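Inspection log for the structure reproduced underneath, given as structure tokens.
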């Protein structure tokens, strides 16, 4: 079993961070974590984001900040365009002290925007323009805008927690990390709640409460989400039929699966595969 199961981010070696202009259509990213500060800015469409047990419904011009090693998932409906900025912890540590104890404001809704929040959004849009145009010296300008963004975020929308509080956070994170790695390594098998509870030495009842508290979803919901995402990936990349894909993904309840698939991707597996095949031609 791999110890870590998190989102792998390929940093631009010159920028020393990751910046993307993203377009998605009924996209789902299941519960994961990474060692970066992540900023999401919605340009068009809507997104549901879950950070630990907190849910945010993002719409146009809303911004979300996800801390390093925070469990989170996202889901979009229809066409959604957003900016994604991911800053390594090492990048922050060069200019700020006690970065592990820093916590940032998470949700910046456009409806309550003030001058400080407007400044943050202006920086993100300036990054997008600079990144797209790539004029001579753009790396210098891009880096300066990133530092301006971080300064505004740090000065107006952050606080530090105590080392004791951080230690408790780390303990809870490590337990959830074990469970996430277990599910990702064994999703094709019959996963037992009792076996999962034993991994972190708690009773099944306590495990259910703990998992819900720190992820915002039940253990079964998470297991089904992982199976669904693997089914979806193989649906678009292999020629296995639906029944074979279900078996390869550990899915046994067809009725529940089809309902979840339609809710997530807005169509049936057969129609999605046919549409994807046409687009590749």
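Residue numbers (my numbering): 736 to 1016.
Just so it is clear, CB atoms sit at the ideal spot from N, CA and C, and this is done for glycine as well.
On a predicted model such as this, the values are computed, not experimentally measured, just so you know.
How big is the Cα-Cα spacing for residue 1001 and residue 872?
Annotation: residue 1001 to residue 872 spans about 43 Å, alpha carbon to alpha carbon.
According to DSSP, simplified to helix, strand and coil, what is residue 764?
strand
Could you tell me the alpha carbon to alpha carbon distance between residue 912 and residue 870, rounded to whole angstroms?
If you take the alpha carbons of residue 912 and residue 870, they lie about 42 Å apart.
Here's the rule: buried if 16 or more other CB atoms are within 10 angstroms of the residue's CB, otherwise exposed. What is residue 899?
exposed
Would you check if there are 3 or more beta carbon pairs closer than 8 Å linking the region 803-811 to the region 760-776?
yes
Any chance the region 791-799 sits against the region 904-911, with 3 or more Cβ pairs inside 8 Å?
no
According to DSSP, simplified to helix, strand and coil, what is residue 739?
Bear in mind that the predicted position of residue 739 carries a pLDDT of just 32, short of 50, making it unreliable; the figure below should be weighed with that in mind. Three-state DSSP puts residue 739 in coil, outside helix and strand.
To the nearest angstrom, how far is it from the Cα of residue 941 to the Cα of residue 1008?
41 Å
Are residue 877 and residue 855 closer than 8 Å when you measure CB to CB?
no
If the criterion is Cβ atoms closer than 8 Å, does the pair residue 752 and residue 881 meet it?
Cβ atoms of residue 752 and residue 881: closer than 8 Å.
Let me check one thing: in DSSP terms, what residues is residue 916 bridge-paired to?
Note: residue 916 sits in no beta bridge, so no partner.
Relative to the C-alpha of residue 849, which residue among 982, 764 and 891 is closest?
891
Residue 817 in three-state terms, based on DSSP:
strand
Less than 8 Å between the C-beta atoms of residue 955 and residue 1004, yes or no?
no
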